[in-house]
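Here is the structure we will look at.
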């Protein structure tokens, strides 16, 4: 199956707004910091403290060279940056992190961003068989977006001292 066919298969029948992903690069660091420090993002994060600029720059530099991390920037049809999706993995299991720009929330982009990110990751990293998300129970919009993007499960776990809902999406790569 070709890469576009595989991505379409993974996306399934999901009808979503049009976005495209590109690899995140050094010039995107400040944008990611601004999104990360948005009050709504901090409230839904497991660490609610404001992110220090110097700490972010060091973290970002490490992530850019980490062979077990991918950060994709999402752009709408007009080329405007609307969000990011990050994957960190070890072996066959990955963890996903998603952020939408504040002015893009409530438009159905979350599920599209998650789905496009998963589709791209599993083509680039075919060893990944499961992708995990941990969502604060009060973040119902995020939970709904993950479910629309094919994640399932409602197990309650503790992450960083906070309750979280653990959702997982099998990639289909285990069949290979």
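Numbering (the working numbering), first residue to last: 199 to 374. Think of the CB as a built atom: it goes at the ideal place given N, C-alpha and C, for glycine as much as any other residue.
Q.
Under DSSP, the alpha helix (DSSP H) around residue 344 begins and ends at which residues?
A. Its alpha helix (DSSP H) spans residues 338-346.
Q | residue 273 vs residue 280 beta-carbon contact at 8 Å | A | It is a contact, given that the beta carbons lie within the stated cut-off.
Q: Answer yes if the segment 304-316 comes into contact with the segment 346-353, meaning at least three C-beta pairs across the two stretches below 8 Å, and no otherwise.
A: In short, these stretches touch, since the Cβ pair count reaches three.
Q) Distance, Cα to Cα, residue 276 vs residue 217? A) Distance between the alpha carbons of residue 276 and residue 217 is about 9 Å.
Q) Just how far apart, CA to CA, sit residue 245 and residue 235? A) In this structure, the CA atom of residue 245 is about 11 Å from the CA atom of residue 235.
Q. Buried or exposed: residue 302, going by 16 or more other Cβ atoms within 10 Å of its Cβ?
A. Classification for residue 302: buried.
Q) What residues in its chain sit with their C-beta under 7 Å from that of residue 248, if we drop five residues either side in the sequence? A) Same-chain partners within the cutoff: 235 and 240.
Q) Within this structure, are the beta carbons of residue 363 and residue 326 separated by less than 8 Å? A) No; because the gap between Cβ atoms is not below 8 Å, this pair is not in contact.
Q) If you compare alpha carbons, which of 342, 335 and 340 is closest to residue 361? A) Selected option, being the one with the closest Cα: 335.
Q) Under a Cβ-count criterion, where at least 16 other Cβ atoms within 10 Å of its own Cβ denotes burial, should residue 296 be classed as buried or exposed? A) Classification for residue 296: buried.
**Q.** Host alpha helix (DSSP H) of residue 296 (start-end)
**A.** It is not in any alpha helix (DSSP H) - residue 296 instead sits in the beta strand (DSSP E) that spans 291-298.
**Q.** Where residue 318 sits in the DSSP three-state scheme
**A.** In this structure, residue 318 counts as helix in the three-state DSSP scheme.
Q | Cutoff 6 Å; reference residue 368; Cβ partners in own chain excluding five residues on either side | A | Taken in chain order, the residues that qualify are 328.
Q: Check residue 360 in the structure and name its three-state DSSP category.
A: Here residue 360 sits in strand by DSSP.
Q: Following the continuous beta strand (DSSP E) through residue 285, name the residue where it begins and the one where it ends.
A: Looking at the DSSP string, the run of the beta strand (DSSP E) that includes residue 285 is 279-288.
Q. Using a Cβ-Cβ cut-off of 6 Å (strictly less than) and excluding sequence neighbours within five positions of residue 285, which residues of its own chain qualify?
A. Excluding residues within five positions, the ones whose Cβ falls inside 6 Å are 268, 292, 294 and 319.
Q) What is the DSSP secondary structure of residue 327, reduced to helix, strand or coil? A) In this structure, residue 327 counts as coil in the three-state DSSP scheme.
Q: Determine the direct distance from the alpha carbon of residue 223 to that of residue 252, and round the result to whole angstroms.
A: For residue 252 and residue 223, the distance between alpha carbons rounds to 17 Å.
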